[in-house]
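**Student:**
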Amino acid sequence: MSMYDYVIVGAGSAGCVLAARLSEDPDVRVALIEAGGPDTAQEIHVPAAFPQLFKSELDWDLDSDPEPGIGGRRTYLPRGKVFGGSSSINAMIYIRGNHADYDGWAAAGATGWGYTDVLPYFRRSEDNERGEDIYHGVGGPLTVSDGRSGHPLASAFVRAAEQAGHKANDDFNGETQFGVGRYQLTQRGGLRCSAAVAYLHPALDRPNLTVLPSARAHRVVIEGGRAAGVEVERGGGVEVVRAEREVILSAGAYESPKLLMLSGIGPSPALSAFGIEVVRDLPVGQGLQDHYMTLLNFRTDAESLIGAASPENAALLQNEGHGPLTSNVGEAGGFFRSRPELDAPDVQFHAAPVLFHQEGLGAPIGHGFSFGPCVVAPTSRGAVTLRSPRPDAAPRIVHNYLTSPEDRASIVAGIRIALDIAAQSAVADLVTGPFDVPASDADTDLLAWAQRSGQTLYHPTSTCAIGAVVDPELRVYDVPGLRVVDASVFPTVPRGNTNAPTIMAAEKAADLIKGAA
């Protein structure tokens, strides 16, 4: 049995930040538990190769239960099972969300989480190659850079969107989100800058930080009502890693609630049904949100990313940090409102210079490109529940994509925006035919196509939300010594990609834990 001050479960985006920040104090002993292993695979670090990680040993390879709003389809849910977590297998897009997201959290009771409260933590984490201003920071661990691929097909999307009347925006993390442009990325020298690269690797040699790889957390050990450690399976045996001060769950929006429920913290009737003794009756797993995305796919004779893995491009990446292999696939995009009365976007676009179909698992069949909307401010809510009391069983996951009228209206409006952009000359002149598009522009066909072809945008949140499961300092209600620090604590999903907000939340949590916030 080993003893530490802090035991962190999950070496993903939040866990890497916490391990690095808490171990800055040499008198503090930190243990980081990770079910996966080191991030040594080449496909992690070569940006354009990340789809090759899907359904590999570095992927938890989850699936939803049948989703009622999309015809009962199950959706594929990749999550990183490796140092860096999903920041080691994602598309590296650096988006913080909208100012209104955080002000909405604060107004609903998440004290200290308004936009002006969280901006310093975004800035502290960031080393933006464009330099420092009121919105951006330099010198932080996380390198944020402009994309180095500059693929012509992504540029064509941006030009077509401007032809359709949408304004250019060169900084979606600045004064406004609205408009179209290229995304900034978490890359360093053209290679992935995951949370592991940015935070964990520089801290690995600290004598007060112990990383336990290939270790599956079974449950939080509760003694006398207090979190005392984590039961872990590794090396063929089961042991308890004890925490003198705190246990911190950073296993993500699917696994953190599962661990809480296995530990007796969750909805009482659901736990009792599995014979789990109820420690605290809390709405753990409820309130799940995610971004649902559809992509129009077009054929083209123009060169796409399908041939990126050439010796010439490999040399370009290795020697200059440029070229097609630096592509994050979703190179460009934008934020739109479906109705003029909205003050913040309800639709986000991603544009990829390659066919991206069948949830990213489809074979690369010829040259093509894709772009389309996601519902970036969903009103639908789902849940994560237990499938079994066994720790190695995947949880039940239902997002309830497109089950609300507002979400259906947003996706249909977003597809109409996409069709309008596709009709502009900058795109239309490159298209040789459709690959996967709606049957017509009738509302019924647009919605039916979205239900058939859509997928997750990989942004699950809100299953251990502030105000429901944790307090504004991310402490689990009525369970001393236990916090949750990851995207599950977000009261709502932010408008945009969730990696940067997760890192921000962990930076803020580190200060809360240290008493410095």
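Using the numbering used here, the letters of the sequence shown correspond one by one to residues 70 to 586. A virtual CB, placed ideally from N, CA and C, is assigned to each residue, including glycine.
(1) Residue 72: buried (16+ other C-beta within 10 angstroms of its C-beta) or exposed?
(2) Determine the extent of the alpha helix (DSSP H) in which residue 360 is found, giving its start and end residues.
(3) Quick check: does the Cβ of residue 463 come within less than 7 Å of any heavy atom belonging to the ligand MG?
(4) Nearest by alpha-carbon distance to residue 582: which of 147, 86, 301 is it?
(5) Looking only at C-alpha atoms, which of 420, 169, 280 sits nearest to residue 102?
(6) Skipping 5 residues on each side, what residues in its chain have a beta carbon closer than 6 Å to that of residue 490?
(7) Would residue 254 and residue 194 qualify as a contact pair, given that the criterion is a beta-carbon distance under 8 Å?
(8) Would residue 445 be called buried (16 or more neighbouring beta carbons within 10 Å of its own) or exposed?
(9) Taking only runs of the beta strand (DSSP E) that begin and end inside the segment 261 to 302, which ones reach a length of at least 3 residues, in chain order?
(10) When DSSP labels each residue in this structure, what does residue 350 get in the three-state scheme?
(11) On the criterion of 16 or more Cβ atoms from any shown chain inside 10 Å, does residue 411 qualify as buried, or is it exposed?
(12) Taking only the alpha-carbon atoms, compute the straight-line gap between residue 457 and residue 463 and give it to the nearest angstrom.
(13) Cα separation between residue 417 and residue 565?
(14) For residue 407, which residues from the same chain have a beta carbon less than 7 Å from its beta carbon, with the 5 sequence-adjacent residues on both sides left out?
(15) Measure the alpha-carbon distance for residue 530 versus residue 568 and round it to whole angstroms.
(16) When you compare the CB positions of residue 402 and residue 420, do they come within less than 8 Å of one another, or not?
(17) Is residue 503 buried or exposed, if buried means 16 or more other CB atoms sit within 10 Å of its CB?
(18) Beta-carbon within less than 6 Å of residue 105's beta-carbon, same chain only, minus the 5 sequence neighbours each way: which residues are those?
(19) Should residue 423 be labelled buried (16 or more other beta-carbon atoms within 10 Å of its own) or exposed?
(20) Considering residue 443, what are the terminal residues of the alpha helix (DSSP H) in which it resides?
(21) Roughly how many angstroms separate the alpha carbons of residue 469 and residue 450, rounded to a whole number?
(22) Which residues does DSSP pair with residue 156 in a beta bridge?
(23) How many whole angstroms separate the CB atoms of residue 176 and residue 535, which I take to be in contact at a CB cut-off of 8 Å?
(24) Which of the three DSSP states is assigned to residue 573 in this structure?
**Tutor:** In this structure, then:
(1) Here residue 72 corresponds to residue number 3 of the sequence shown, with the count starting at 1. Result: exposed.
(2) As a working note, residue 360 is residue 291 in the sequence shown. No alpha helix (DSSP H) contains residue 360, which DSSP labels as neither H nor E.
(3) The model depicted lacks the ligand MG and carries no ligand whatsoever.
(4) Within the sequence shown, the letter at position 513 stands for residue 582. Ranking 147, 86, 301 by Cα distance to residue 582 puts 86 first.
(5) For the purposes of this step, residue 102 is identified with residue 33 of the sequence shown, where counting begins at 1. When 420, 169, 280 are compared, the shortest CA-CA separation from residue 102 is found for 280.
(6) The residue you call residue 490 lines up with position 421 of the sequence shown. So the qualifying residues of the chain are 229, 230, 233.
(7) Numbered from its first residue, the sequence shown carries residue 254 at position 185. Numbered from its first residue, the sequence shown carries residue 194 at position 125. Against a cut-off of 8 Å, the Cβ pair of residue 194 and residue 254 comes out as no contact.
(8) The residue labelled residue 445 in the question sits at position 376 within the sequence shown. Buried.
(9) Listed in chain order, the complete beta strand (DSSP E) runs (minimum 3 residues) inside the segment 261 to 302 are 278 to 281, 285 to 292.
(10) Translated into the one-based positions of the sequence shown, residue 350 becomes position 281. Looking at residue 350 - three-state DSSP - the assignment turns out to be strand.
(11) Numbered from its first residue, the sequence shown carries residue 411 at position 342. Its Cβ having fewer than 16 others within 10 Å, residue 411 is exposed.
(12) As a working mapping, residue 457 is identified with position 388 in the sequence shown. As a working mapping, residue 463 is identified with position 394 in the sequence shown. The C-alpha of residue 463 is placed about 8 Å away from the C-alpha of residue 457.
(13) Along the sequence shown, one-based indexing puts residue 417 at 348. Along the sequence shown, one-based indexing puts residue 565 at 496. Approximately 7 Å, taken between the alpha carbons.
(14) As a working mapping, residue 407 is identified with position 338 in the sequence shown. Contacts found: 415, 416, 478, 479, 482, 483.
(15) For the purposes of this step, residue 530 is identified with residue 461 of the sequence shown, where counting begins at 1. For the purposes of this step, residue 568 is identified with residue 499 of the sequence shown, where counting begins at 1. C-alpha separation (whole angstroms): 11 Å.
(16) Mapped onto the sequence shown, residue 402 falls at position 333. Mapped onto the sequence shown, residue 420 falls at position 351. Yes, the Cβ-Cβ distance between residue 402 and residue 420 is below 8 Å.
(17) As a working mapping, residue 503 is identified with position 434 in the sequence shown. Per the 10 Å Cβ criterion, exposed.
(18) For the purposes of this step, residue 105 is taken as the residue at position 36 of the sequence shown. Here residue 105 has 150, 151 as same chain residues with Cβ atoms under 6 Å from its own Cβ, once five neighbours each way along the sequence are excluded.
(19) Numbered from 1 along the sequence shown, position 354 holds the residue referred to as residue 423. Burial call: buried.
(20) The count along the sequence shown starts at 1 and reaches residue 443 at position 374. Note, residue 443: premise wrong, no alpha helix (DSSP H); beta strand (DSSP E) at 437 to 444.
(21) Stepping through the sequence shown from its first residue, residue 469 is reached at position 400. Stepping through the sequence shown from its first residue, residue 450 is reached at position 381. Going by C-alpha positions, residue 469 is about 6 Å away from residue 450.
(22) Position 87 of the sequence shown, counted from the start, is the residue given in the question as residue 156. In DSSP, residue 156 forms no bridge with anything.
(23) Reading the sequence shown from its first residue, position 107 is the one you call residue 176. Reading the sequence shown from its first residue, position 466 is the one you call residue 535. Incorrect: roughly 12 Å between the Cβ atoms, too far for contact.
(24) As a working note, residue 573 is residue 504 in the sequence shown. In this structure, residue 573 counts as helix in the three-state DSSP scheme.
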